[in-house]
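Notes follow the structure.
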Amino acid sequence: VQLQACGGGLVQAGGSLRLSCAASGSIFSRSTMGWYRQAPGKQRELVAEITSGGSTTYPDSVKGRFTISRDNAKNTVYLQMNSLKPEDTAVYYCKLDYRLPSALYVNWGQGTLVTVSS
Numbered sequence: 020v021q022l023q024a025c026g027g028g029l030v031q032a033g034g035s036l037r038l039s040c041a042a043s044g045s046i047f048s049r050s051t052m053g054w055y056r057q058a059p060g061k062q063r064e065l066v067a068e069i070t071s072g073g074s075t076t077y078p079d080s081v082k083g084r085f086t087i088s089r090d091n092a093k094n095t096v097y098l099q100m101n102s103l104k105p106e107d108t109a110v111y112y113c114k115l116d117y118r119l120p121s122a123l124y125v126n127w128g129q130g131t132l133v134t135v136s137s
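So for the sequence shown, my numbering puts the first residue at 20; every next one is plus one.
Laid out in structure tokens, this is it:
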């Protein structure tokens, strides 16, 4: 499975961006998809997650501002980011988790840079 993320860029504080991550292969609809971010000098952290059934999870830092969604017909997961803050600046990565009978298959996209100016 290959993951191709795009949609990053430079935006002013208060603005919006939508990230997309397209997956190849046939397991997308049965996978949990996540968006993570990593700012310089910091650990990678979860931003949003959506299960194959559509359940979503957000940390408090983005709850109410970010929305994750998926389109299984297009093998694509989205992250709508509103009310962006300078502290949202980071490289954003998409992640695919697919549970096999006795293991977890994990794959990461290449990352897309989001820069929020104050």
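Backbone N, C-alpha and C define an ideal beta-carbon position, used for all residues, glycine too.
Close beta carbons around residue i, own chain, < 7 Å, minus the five adjacent residues each side
i, result
"leucine 123", "Asp116"
"lysine 104", "Ala32, Val135"
"glycine 130", "Ala24, Val110, Tyr111, Tyr112"
"arginine 118", "none"
"threonine 70", "Thr51"
"arginine 49", "Ser71, Tyr117"
"leucine 132", "Gly27, Val110"
"valine 20", "Ala42, Ser43, Gly44, Ile46, Leu115, Asn126"
"leucine 65", "Gly53, Tyr55, Pro78"
Secondary structure of residue i, DSSP reduced to three states
i, result
"aspartate 79", "coil"
"arginine 84", "coil"
Proximal residues to residue i (C-beta, below 6 Å), its chain only, five neighbours per side dropped
i, result
"glutamine 23", "Ala41"
"glutamate 68", "Gly53, Thr76"
"phenylalanine 47", "Asn94"
"serine 137", "Ala32, Pro105"
"threonine 86", "Gln99"
"glycine 128", "Leu22, Ala24, Cys40, Tyr112, Cys113"
"asparagine 101", "Ser35, Arg84"
"leucine 29", "Thr134"
"glutamine 57", "Arg63, Ala109, Val110"
Residue i - partner residues in DSSP beta bridges
i, result
"asparagine 101", "In the DSSP output, where bridge partners are listed per residue, asparagine 101 has none listed."
"asparagine 126", "Leu115"
"threonine 134", "Leu29"
"valine 110", "Gln57, Leu132"
Same chain, Cβ closer than 8 Å to residue i, five either side skipped, listed in chain order
i, result
"asparagine 91", "Phe47, Ser48"
Every unbroken alpha helix (DSSP H) within the segment 36-64, with a cutoff of 4 residues, ordered by chain: none
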